[in-house]
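Count along the sequence shown from 1, add 7, and you get the number used in the working numbering.
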Amino acid sequence: MSDSDGKKTLGVRGGGPRSGNVKQSFSHGRSKNVVVETKRKRVVVPKPGAAKPAAGGAGTAGASGAGGIQNAEMERRLKALQAAKAREAEEVATREADEKARVEERERRRAEQENKEREQRELEERAKAKAEAEERAKKEAEEHKALDAAEKAARAEPAQPRSNDARTVKPAAPVSRKREQEDDKRRAKTRGGEGENRRSGKLTVSQALGGGEGGRQRSMASMRRKQERARQKAMGESQEREKIVREVQVPEAIVVSELANRMAERVAEVVKSLMKMGMMVTQNQSIDADTAELIIEEFGHKIVRVSDADVEDVINEVEDAEADLKPRPP
């Protein structure tokens, strides 16, 4: 028995296709056999007689084809380079335009902000000036009002004194001649009207309701002034009224009108004196004791200062006697 019995020998296969089986596995245990064939590439060998002309023709065609390819490639590259340069120039121009637009936008916003701040400052200044003008006008109105009130109070009747304690007598101002002239004119007009009514001989409804043929009746103050003038004319000279110096009790704070009443002076005169001292007050406002002392001395009176402790000392405690007490129901 020879060694080659039953064994395959190695050798070179022919040029035909080679086949083989490949087992393809899938999930769940499935498998499939695939037949794989391998073919060799076919090589064409030119004939020996036509090799040279064919080689020469192929060389010429290759040279001409290579030259055409190079020219086309150069043109394509040149066009690509030009296009790249154009794109770059366009991008540069776009960037410059964007930067310019951003700068202009910043300048515009800055100008708008400055305009807003300037307008705000102008509004604040106008509002401040308006407020100052209103405050100044208000103060002037208050000053005019206080002066008008003082003038009206000066034209009014003098306040009646509360106390009869006489200390020192000083001469007062004589009766005003201007008031006498006004009363004389008014009396002359009244007499003329009475004469006309008396000559007419008729009684009207207004005269009957007014209280007689004389028309409007004269006030008691006018009658008193008339009697005072008649008495002075009868004596031949104008008598001077006497002024009483009083002791004015002043607490720590006192109202202007109360101070005027305690001094028996006109409120308007007291307000004028306070205004001369630089205090713009009205008759309903309070002043301290030091200011009241200056006013009292200016009007020629004497000041007596009192405090809350003095008032408490005056109050006497009254105790109830047990005999006077009476039971009462709850």
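Built from N, CA and C at the ideal position, the CB exists for glycine as well.
Where do the N-terminal and C-terminal ends of the beta strand (DSSP E) with Ala-351 fall, by residue? Here the chain comprises residues numbered 8 to 337, so residue 351 is not present and cannot be evaluated.
Could you have a look at Thr-298 and say whether DSSP puts it in helix, strand or coil? Helix at Thr-298.
Write down the C-beta distance between Val-263 and His-308 rounded to the nearest angstrom, noting that I regard them as a contact closer than 8 Å. Here Val-263 is actually not in contact with His-308; their C-beta atoms are around 15 Å apart, not less than 8 Å.
Beta strand (DSSP E) containing Gln-383: first to last residue? Because the chain here runs from 8 to 337, residue 383 falls outside it and cannot be looked at.
Less than 8 Å between the C-beta atoms of Val-274 and Val-311, yes or no? Val-274 places its beta carbon 8 Å or farther from that of Val-311.
Do you know how far the Cα of Glu-326 is from the Cα of Arg-335? The straight-line gap from Cα to Cα measures roughly 19 Å.
State the Cα-Cα distance for the pair Pro-258 and Glu-124, rounded to the nearest angstrom. Approximately 56 Å, taken between the alpha carbons.
Using CA atoms only, rank isn't needed, just tell me which of Ala-157, Ser-280 and Glu-106 is closest to Glu-304. Of Ala-157, Ser-280 and Glu-106, the residue nearest in Cα terms is Ser-280.
Between the beta-carbon of Ala-134 and the beta-carbon of Glu-276, is there less than 8 Å? Not closer than 8 Å, so no.
Can you list, in chain order, the residues of its chain whose CB lies under 7 Å from that of Gln-127, leaving out five sequence neighbours each side? Here the set comprises nothing.
Cβ atoms of Val-41 and Gln-31: under 8 Å apart, would you say? Their beta carbons are under 8 Å apart, which means Gln-31 touches Val-41 by this criterion.
By the 10 Å Cβ neighbour count, where 16 or more other Cβ atoms means buried, how is Met-230 classified, buried or exposed? Label assigned to Met-230: exposed.
Hey, how far is the Cα of Glu-131 from the Cα of Ala-138? Between the alpha carbons of Glu-131 and Ala-138 lies a distance of about 10 Å.
Val-313 to Ala-296 span [Cα, whole Å]: So the alpha carbons of these two residues sit roughly 10 Å apart.
Can the beta-carbon of Ala-157 be found closer than 8 Å to that of Val-278? Yes; because the gap between Cβ atoms is below 8 Å, this pair is in contact.
DSSP three-state assignment for Gly-285, whether helix, strand or coil: DSSP places Gly-285 in coil when its eight states are reduced to three.
Glu-272 versus Ile-302: straight-line alpha-carbon distance, rounded: Approximately 11 Å, taken between the alpha carbons.
With respect to 7 Å, is the separation between the Cβ of Leu-17 and the closest non-hydrogen atom of the ligand HEM below this value? Here there are no bound small molecules, and the ligand HEM is not part of this structure.
How big is the Cα-Cα spacing for Ala-144 and Gln-239? Whole-angstrom Cα-Cα distance: 48 Å.
What do you reckon, are the CB atoms on Ala-260 and Ser-293 nearer than 8 Å? Yes, Cβ-Cβ distance for Ala-260 and Ser-293 is below 8 Å.
Looking at the unbroken alpha helix (DSSP H) that takes in Ser-229, where does it start and where does it end? From DSSP, the alpha helix (DSSP H) with Ser-229 extends over 227-242.
Exposure label - Leu-266; buried when at least 16 CB within 10 Å: Label assigned to Leu-266: buried.
Can you find the residues in the same chain that come closer than 7 Å, C-beta to C-beta, to Ser-38, ignoring five residues on each side of it along the sequence? Result list for Ser-38: Lys-30, Gln-31 and Ser-32, in chain order.
What number of angstroms, rounded off, separates the C-alpha of Gln-290 from the C-alpha of Lys-152? For the pair Gln-290 and Lys-152, the Cα-to-Cα distance works out to about 12 Å.
How many angstroms separate the CA atom of Val-347 from the CA atom of Lys-14? Given that the chain is displayed from residue 8 to residue 337, the structure contains no residue 347 and the question cannot be resolved.
Tell me, to the nearest whole angstrom, how far the beta carbon of Met-282 is from that of Phe-306; I am working on the premise that it is less than 8 Å. That belief does not hold up - the Cβ atoms of Met-282 and Phe-306 are roughly 15 Å apart, past 8 Å.
Where does Arg-312 fall in DSSP's three states? Three-state DSSP puts Arg-312 in a strand.
Contacts around Ser-34, its chain only, beta-carbon distance under 6 Å, and the 5 residues preceding and following it disregarded: Here Ser-34 has no same chain residue with a Cβ atom under 6 Å from its own Cβ, once five neighbours each way along the sequence are excluded.
How is Thr-101 classed by DSSP in three states: helix, strand or coil? Three-state DSSP puts Thr-101 in a helix.
Given that a residue counts as buried once 16 or more other Cβ atoms are within 10 Å of its Cβ, and exposed if not, what is Ala-299? That one is buried.
Per-residue DSSP class, three states only, for Glu-272: Glu-272 sits in coil when the DSSP states are folded into three classes, being neither helix nor strand.
DSSP three-state call for Lys-123: helix, strand or coil? Lys-123: helix per DSSP, three-state reduction.
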